[in-house]
Amino acid sequence: LSELDKKATREVADRSGWLSSVRWKVQLLAFLVLNSLVPASWRPYRLKGACVPVLNCHGCPAAATYCPIGVIGDMLSLRVVPWLALGAFGLVGIIFGRLSCGWICPFGFLQDLIAKIPVPKWKPPKWTGYIKYAVLGGMVFVAPLVVGVDSRWFFCGICPDATIMANGWKAAFDGGSVSSTRLIFLGIFLLLSLFVVRGFCRMVCPIGAGLAFFNRFSLLSLKFKKRWCSECMQCLRECPVDIGPMADPRSPECIYCGQCFKCHGIVMDFSDEAGTAAGAGGKVADGA
Amino acid sequence: MSAKRLVAAVVLAACVGMLAYGLLVQSVEVYAAGEDKVVKKVGGPDLIYESVRRTIVRDSQAGRLVVSEAGPVECPT
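Protein chains in written order, with our numbering: chain W, 1 to 288; chain B, 1001 to 1077.
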C-alpha cells in the first residue's frame, strides 16, 4: 500500500471506531431519556402525545413518550384515525429512514448487548424479513379493528418491550404478574436475538417494518462511492443485518449502524445522489 | 432532483399534513355513558393521552365514544 492508501485506511478505521463508540453512547442516552428513570409520580408531566418511533412501551411508569404501535392500536379500536401518530411516524421515517432503529430504540440497544454474547450467529434467509410486514398489517392495523386491543392478536399482547418495561416493572415493584404467554414470547425473541444479530428487528418488529418502507427514499441514506471502493468486501462482512451496502445501499433492512463505514466506499448523508448497485448495470454514485 | 427525492418530498408533505391535521384539526365528541349528551371534545395530544389511558371507550351499540366508567388505566398492557 502506498503511504496515501495507508493514511486513507487509518482515517476510515478511525471514523468507524469513533462512530461505533458514539452510537453506544447515544443508545444509552436515548434509553435514559426515553424512560427518564424516575417514576411517573416524580415527573410533572409525560410528553403528552409525543410518539417516538421506537419500541419503548408507554405502559412503563418511567416512559417519557408514547409507543406509536400502542397509540395506533388504541385509537383504531376507538375507530378514530391516528393522524398525529401516523404523521409523526412518517415524518421521522421519511427524513431518517431506520436510523432510530440503530441509534435510539431501547430494545434494539438490548439486542445489540445480547449480540455481544459469543455464540454462533445464524444468517436467516431473506424471506424471514417479510414476516414483520405481516405483523405490522395483521397485528397492528387489523387486530385492533377486528378483535380489539386486549386480545393476544394485538401486537402489544406479545411485545417483548412491554413485557420487560411495563409488566416486568409492575411485577417487580407493584406486585403485578406477567402472563406465561408473554414470558414465552419474550424468551423466543431474546433467543432469536442471541443467535441472529438484531433478529427481532429483522423479522418481527412492526416499527422496523413501518420505517423499512421509508428506507428506499428517505432523505438520509447510505451512498456507495465506487471510486473509493477497493472491493475489500469489508462492508459485507461487518454488516450486522447481512445486507450488502455496496449492492443495495438503500436496503429496507439497513439500520444505519455505521459498521460498514470501515469500508472506504460507504458514506451516509442527506445528499441527493442515486445509490445504485455496483456492477448492476445502472448508474453508480461515483462522487469525488 | 431525482425521482426518489421527488417521492420523498411528496411523502414529507403528506406526513406534515397528517401531523398538522392530527395536532390542530382532529377532534372527536365524547358522550356521557348512557346519555345522549356530549361532555367534551378531545383532539390532538389529548386524544392520544385519553385513548391510551382508556378514559374514553367505544360504545359499539351506539357507535360513538363515551367516557369510561372504569376510570383511567395506567398500564394498558
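Positions of the beta carbon are idealized from the N, C-alpha and C atoms, including for glycine. Every value quoted in this text rests on a predicted model; they were computed, and no experiment measured them.
Span of the beta strand (DSSP E) around residue i
| i | result |
| --- | --- |
| GLY1043 of chain B | 1038-1043 |
| ARG1064 of chain B | 1064-1067 |
| ILE1056 of chain B | 1056-1059 |
| LEU222 of chain W | 221-224 |
| VAL241 of chain W | First-last for VAL241 of chain W: undefined, no H or E at that position. |
Residue i - containing alpha helix (DSSP H), residue span
| i | result |
| --- | --- |
| SER77 of chain W | 68-77 |
| ASP112 of chain W | 106-115 |
| ILE95 of chain W | 83-96 |
| VAL1007 of chain B | 1003-1020 |
| ILE255 of chain W | Neither: ILE255 of chain W is in no alpha helix (DSSP H) and is coded neither H nor E. |
| TYR133 of chain W | 131-134 |
Beta-carbon proximity list for residue i, same chain, < 6 Å, skipping 5 on both sides
| i | result |
| --- | --- |
| ALA88 of chain W | CYS51 |
| MET75 of chain W | PRO82 |
| ALA30 of chain W | ILE104 |
| SER1027 of chain B | LYS1041, GLY1043 |
In DSSP terms, what residue i is bridged to
| i | result |
| --- | --- |
| SER1027 of chain B | B:GLY1043 |
| ILE266 of chain W | W:PHE224 |
| CYS101 of chain W | Looking at the DSSP assignment, CYS101 of chain W forms no beta bridge with any residue, so it has no partner. |
| CYS51 of chain W | W:TYR66 |
Interface flag, residue i vs chain C, CB-CB below 8 Å
| i | result |
| --- | --- |
| TRP153 of chain W | The structure shown contains no chain C; its protein chains are W and B. |
Contacting residues, own chain, Cβ-Cβ under 8 Å from residue i (five flanking each side not counted)
| i | result |
| --- | --- |
| LEU28 of chain W | PHE109 |
| PRO44 of chain W | A caution first: PRO44 of chain W carries a pLDDT of 46, below 50, which makes its placement in the model unreliable, though a value can still be read off. Answer for PRO44 of chain W: no residue qualifies. |
| PRO120 of chain W | PHE195 |
Closer than 7 Å: residue i CB and nearest the ligand ADP heavy atom
| i | result |
| --- | --- |
| PRO144 of chain W | Of ligands this structure carries none, so the ligand ADP is not represented either. |
7 Å Cβ shell around residue i - same chain, five flanking residues per side excluded
| i | result |
| --- | --- |
| ALA64 of chain W | VAL33, LEU34, ASN35, SER36, ARG46, LEU47 |
| ARG1064 of chain B | TYR1031 |
Using a Cβ-Cβ cut-off of less than 8 Å, list which residues of the segment 1027-1055 of chain B approach chain W; keep chain order.
Residues passing the 8 Å Cβ filter: VAL1028, GLY1044, PRO1045, ASP1046, LEU1047, ILE1048, TYR1049, SER1051, VAL1052, ARG1054.
Residues, ordered as in the chain, of the segment 92-103 of chain W that lie near chain B by beta-carbon distance below 7 Å
ILE94
For the segment 145-183 of chain W, list the alpha helix (DSSP H) runs that are entirely contained and at least 4 residues long, ordered along the chain.
Scanning the segment 145-183 of chain W from its first residue to its last, the whole alpha helix (DSSP H) runs of 4-plus residues come out as 169-173.
Can you give, in chain order, each stretch of the alpha helix (DSSP H) that sits fully within the segment 192-234 of chain W and has at least 4 residues?
199-203, 206-215
Under 8 Å, CB to CB, which of the residues in the segment 1003-1019 of chain B have a partner in chain W?
LYS1004, ARG1005, VAL1007, ALA1008, VAL1011, LEU1012, ALA1014, CYS1015, VAL1016, GLY1017, MET1018, LEU1019
Using a Cβ-Cβ cut-off of less than 8 Å, list which residues of the segment 205-226 of chain W approach chain B; keep chain order.
Residues passing the 8 Å Cβ filter: PHE214, ARG216, PHE217, SER218, LEU219.
Give, in chain order, every residue of the segment 65-78 of chain W whose Cβ lies closer than 8 Å to some Cβ of chain B.
TYR66, GLY70, VAL71, ASP74, MET75, SER77, LEU78
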